[in-house]
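Colleague: Below is a structure I'd like to ask you about.
In the numbering used here, the protein residues as written are 222 to 685.
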């Protein structure tokens, strides 16, 4: 496996909220395209500053910044130390910024290039890309180009596709070129949103990218996050015609799923954008966001106990989120239930006194009364499933009622939660898979996905 390194060396300062210390021979090491690997650093302090470093660390200052200007390029790294000994400090970098500075004037043109962790939703614009001797990346046979997906953002229009970076490599006495596929979003910042403050642009990008990451993660069935943002500024009155700033961070992802949810080749150019827009405006956005995280956790290699818990948690997160917005989460509102609960509590107290139960037993009954306000989840789920027309019959071959099956599945799940035991592992796996599939289909419908986009084997894991 190839690993292309990027090493940054400089002398500078270690900066905290309270003080700063000169550091030298700072080395920041990162694997350029390995978004999950730690970004590591080593830094040294002069002998006469060791006590200052010890004092700083003794203040429980775990996080700080490493600041320097190698080759007149400003570098700011948000770091956490893991070890220090005799003036040598080592640790990890959370994010590192290059040339993230204030420009002399507002630029007339700005472009933001964002690199993401892997996803099958990003498609290449060209077939079999190769790097020509001119440095250009072209199709091997100069064939037709695929239009990238268009996405509208708050700061400008964007294009999403699979791009390629090329690196020179020397393999067994042969010089060659290695291509690295990278899901990429290119945002053409609108004139009114251009800014001379690069940090503000990147900060705004974080907000812009969040719903994009979440929809791409859902469609791809794996967590997808940005790991590099570049900001290209032109016509700002500086000495250079183009100012390039970038921020790199360690991102996280999840394993590739067994089967794809959708076939992105069936999408239209505007399909992804339509989903993101619907998601941004959805009254259930928060519930969907958390549900996606639980849904995607299924594809990680975990214990069956974890898979059951995550599948049911995804289901409940979505159903409860929808119910809370629609006003069906509770049987009665708080004011009515407060009075009702008070009367119940008096009745429980009388029964406990009549039957000579001690105080601990009475308090135990009291603690369960609050659960009576919550409407039964199975009833609420059936109403939501029927109203969204997601279809579920293909997931079951031998049930007469989805409501009855859900009650049985919840009974088996409750036995696991309260006893820690699984009586039938095969049935437990079936329950987890079907609950997961129903929940995923609900999200699929809520954000406006089309049935014809589904991949051929999207739900074979839940059909048995």
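Even glycine gets a Cβ: it sits at the ideal position worked out from N, Cα and C.
When you compare the segment 438–446 with the segment 479–493, are there three or more beta-carbon pairs, one atom per stretch, that lie closer than 8 Å?
Modeller: These segments touch.
Colleague: List the DSSP bridge partners of residue 552.
Modeller: Residue 552 is not bridged to any residue.
Colleague: According to DSSP, residue 407 sits in a beta bridge with which residue or residues?
Modeller: 334 and 380.
Colleague: Report the residue ranges of all beta strand (DSSP E) runs contained in full by the segment 460–497; include only those spanning at least 3 residues, in chain order.
Modeller: Counting whole runs of 3 or more residues, the segment 460–497 contains the beta strand (DSSP E) stretches 463–470.
Colleague: Is it true that the CB of residue 475 sits closer than 8 Å to the CB of residue 520?
Modeller: In this structure, residue 475 lies closer than 8 Å to residue 520 by Cβ.
Colleague: Would you give the residue range spanned by the alpha helix (DSSP H) that residue 528 belongs to?
Modeller: Per DSSP, residue 528 belongs to the alpha helix (DSSP H) from 525–547.
Colleague: Which term fits residue 233, buried or exposed, when burial requires 16 or more other beta carbons within 10 angstroms of its beta carbon?
Modeller: By the 10 Å Cβ count, residue 233 comes out buried.
Colleague: In terms of residues, what are the limits of the beta strand (DSSP E) holding residue 594?
Modeller: Note, residue 594: premise wrong, no beta strand (DSSP E); not H, not E.
Colleague: Between the alpha carbons of residue 371 and residue 498, how many angstroms are there, rounded?
Modeller: So the two alpha carbons sit approximately 12 Å from each other.
Colleague: Where does residue 627 sit, in a helix, a strand or coil, going by DSSP?
Modeller: If DSSP states are grouped into helix, strand and coil, residue 627 belongs with the helices.
Colleague: Mapping DSSP to helix, strand and coil, what is residue 391?
Modeller: In this structure, residue 391 counts as strand in the three-state DSSP scheme.
Colleague: Nearest by alpha-carbon distance to residue 275: which of 541, 429, 428 and 307 is it?
Modeller: Minimum Cα distance to residue 275 is reached at 307.
Colleague: Enumerate in chain order the residues of its own chain whose CB-to-CB distance from residue 377 is below 7 Å, with the five nearest sequence positions on each side excluded.
Modeller: Excluding positions up to five away in sequence, the list reads 408, 409, 410, 411 and 414.
Colleague: Under a Cβ-count criterion, where at least 16 other Cβ atoms within 10 Å of its own Cβ denotes burial, should residue 348 be classed as buried or exposed?
Modeller: Residue 348 is exposed by the Cβ-count criterion.
Colleague: For residue 669, report the span of its beta strand (DSSP E) as first-last.
Modeller: Neither: residue 669 is in no beta strand (DSSP E) and is coded neither H nor E.
Colleague: Just to confirm my understanding: we take residue 346, look at its own chain, exclude 5 residues before and 5 after, and list those with CB closer than 6 Å. What are they?
Modeller: Only 366, 367, 369 and 382 meet the Cβ criterion.
Colleague: Less than 8 Å between the CB atoms is what I'm expecting for residue 419 and residue 379, so what's the real figure, rounded?
Modeller: Not confirmed; about 18 Å, so no contact.
Colleague: Where do the N-terminal and C-terminal ends of the alpha helix (DSSP H) with residue 511 fall, by residue?
Modeller: It spans 506–517 - the alpha helix (DSSP H) in which residue 511 sits, taken as one unbroken run.
Colleague: If you follow the alpha helix (DSSP H) that residue 427 is part of, which residue opens it and which one closes it?
Modeller: 419–441 is the extent of the alpha helix (DSSP H) around residue 427.
Colleague: When we look at the beta-carbon of residue 468 and count the other beta-carbons within 10 Å, is it buried (16 or more) or exposed?
Modeller: It is buried - the Cβ of residue 468 has at least 16 other Cβ atoms within 10 Å.
Colleague: Measure the C-alpha to C-alpha separation of residue 268 and residue 236 and round it to an integer number of angstroms.
Modeller: About 18 Å.
Colleague: Looking only at C-alpha atoms, which of 375, 404 and 577 sits nearest to residue 427?
Modeller: Taking only the C-alpha atoms, the option nearest residue 427 is 375.
Colleague: Residue range of the beta strand (DSSP E) that residue 295 falls in?
Modeller: Counting along the chain, residue 295 falls outside any beta strand (DSSP E), and DSSP gives it neither H nor E.
Colleague: Quick check: what's the CA-CA separation for residue 384 versus residue 552?
Modeller: Taking the straight line joining both Cα atoms gives about 52 Å.
Colleague: Can you tell me which of 458, 425, 318 and 332 puts its alpha carbon nearest to the alpha carbon of residue 470?
Modeller: Ranking the options by Cα distance to residue 470, first place goes to 318.
Colleague: Which residue comes first and which comes last in the beta strand (DSSP E) that contains residue 449?
Modeller: Element bounds for residue 449: 447–455.
Colleague: Just to confirm, are residue 603 and residue 496 a CB contact at a threshold of 8 Å?
Modeller: Contact flag unset, no.
Colleague: Between the segment 449–465 and the segment 321–337, do three or more beta carbon pairs fall short of 8 Å?
Modeller: Cβ pair count under 8 Å is three or more, so yes.
Colleague: Count the other CB atoms, across all protein chains shown, that sit within 10 Å of the CB of residue 652; report buried if there are 16 or more and exposed otherwise.
Modeller: Residue 652 is buried by the Cβ-count criterion.
Colleague: So does the segment 656–663 actually touch the segment 560–567, counting three or more Cβ pairs closer than 8 Å?
Modeller: No, the segment 656–663 is not in contact with the segment 560–567.
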